[in-house]
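Numbering (this note's numbering), first residue to last: 53 to 305.
Just so it is clear, CB atoms sit at the ideal spot from N, CA and C, and this is done for glycine as well.
Here the structure is a predicted model, which is why all the values come from computation and not from measurement.
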């Protein structure tokens, strides 16, 4: 139950509100990820007046404002095509115009194609009030801690990184049962992430070689059972998609 609504004009005021313990106070971006249900008194801080909706290329880095919408990001000219595909799988056209990048990353569960792709890309998040930068993987590991009294302001990815994705879903309109993303740096570094199950996207590999990638993918989803698919099925598909991702990277497709 929302008992307070705030629309602060500055970041400092927004962070000050979010650091309150009573009533519990949550950021409000596009509103798609905030659960309004329940009887617990809740205050919301509208972020739309803070100027965090810009997307800028700075050299080989892409700076993404946290309140930029998914549709804005998808339409950005320099966006890697595979990341655009992940955003398209994430939400419908109408929801992409509403959902924000920061909110989507903060609330991403294991079925989020966008979250999986950004984990593979080793996206970096800037948090207020400390103005510190944390990797998206570290953020997911300590999500509740980072979401308490903090605000995501900017997200950064490296545009020199190649990204490929593969997925399997019941229908083209469904969220994938298994979603795979493989990123490769100019140095040869590889990061492979899986989604389609669980509370968060899963980082499977971060290293130099691709040897054992398929086996690692199968192992990562060996217990990935839910109402949509069995663990045996997901494990097998994860291995197949890992192989496909590497083959596409290796062949330049």
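Element boundaries [alpha helix (DSSP H), containing residue i]
i	result
residue 189	188-193
residue 291	283-303
residue 53	That residue, residue 53, is in no alpha helix (DSSP H); it is neither H nor E in DSSP.
residue 266	265-272
residue 127	No alpha helix (DSSP H) holds residue 127; DSSP gives it neither H nor E.
Enclosing beta strand (DSSP E) for residue i [first to last residue]
i	result
residue 96	94-98
residue 203	203-210
residue 214	214-220
residue 108	107-110
residue 68	No beta strand (DSSP E) contains residue 68, which is instead part of the alpha helix (DSSP H) from 63-70.
residue 115	113-117
residue 183	From DSSP, residue 183 is part of no beta strand (DSSP E); its letter is neither H nor E.
residue 79	77-80
Status (buried if at least 16 other CB within 10 Å, exposed otherwise) for residue i
i	result
residue 53	exposed
residue 219	buried
residue 55	exposed
residue 194	exposed
residue 264	exposed
residue 248	buried
residue 151	buried
residue 290	buried
Nearest candidate by alpha-carbon position, reference residue i, set the options
i	options	result
residue 93	103, 75 and 100	75
residue 84	138, 176, 238 and 148	148
residue 225	295, 139, 300 and 157	139
residue 4	293, 68, 136 and 198	One cannot answer for residue 4 here, as it falls past the ends of the chain, which runs 53 to 305.
residue 266	297, 239 and 278	297
residue 154	134, 107, 228 and 137	107
residue 64	57, 73, 178 and 102	102
residue 238	268, 295 and 173	173
residue 164	253, 287 and 57	253
residue 227	212, 177, 161 and 282	161
residue 78	159, 123, 279 and 240	159
residue 261	285, 243, 209 and 284	243
residue 71	229, 222, 97 and 123	97
Handout entry: Cβ contact (3+ pairs, closer than 8 Å) linking the stretch 247-262 and the stretch 201-209
Key = Taking one beta carbon from each stretch, the stretch 247-262 and the stretch 201-209 have fewer than 3 pairs nearer than 8 Å; the two do not touch.
Problem - Every unbroken alpha helix (DSSP H) inside the stretch 141-174 [4 residues or more] - result: Annotation note: the stretch 141-174 contains the following uninterrupted alpha helix (DSSP H) runs of length 4 or greater, listed N- to C-terminal: 145-150, 153-158 and 165-172.
Practice task
Mind the definition here: the stretch 232-240 touches the stretch 168-180 only if three or more C-beta pairs lie below 8 Å; say whether that holds.
Solution key: Yes, since at least three Cβ pairs between the stretch 232-240 and the stretch 168-180 fall closer than 8 Å, the two stretches touch.
Handout entry: Three or more C-beta pairs below 8 Å linking the stretch 139-147 and the stretch 105-118
Key = Contact fails between the stretch 139-147 and the stretch 105-118, because fewer than three Cβ pairs, one in each stretch, are under 8 Å apart.
Practice task
Assess, as a yes-or-no matter, whether the stretch 269-281 is touched by the stretch 185-198 under the definition of 3 or more beta carbon pairs within less than 8 Å.
Solution key: The stretch 185-198 is not in contact with the stretch 269-281.
Problem - Validate contact between the stretch 171-185 and the stretch 121-128 using beta carbons, cut 8 Å, 3 pairs - result: Counting C-beta pairs closer than 8 Å gives fewer than three between the stretch 171-185 and the stretch 121-128, which falls short of the contact rule.
Problem - beta strand (DSSP E) runs wholly inside the stretch 234-260, at least 3 long, in chain order - result: Within the stretch 234-260, the complete beta strand (DSSP E) runs of at least 3 residues are 242-247 and 254-259.
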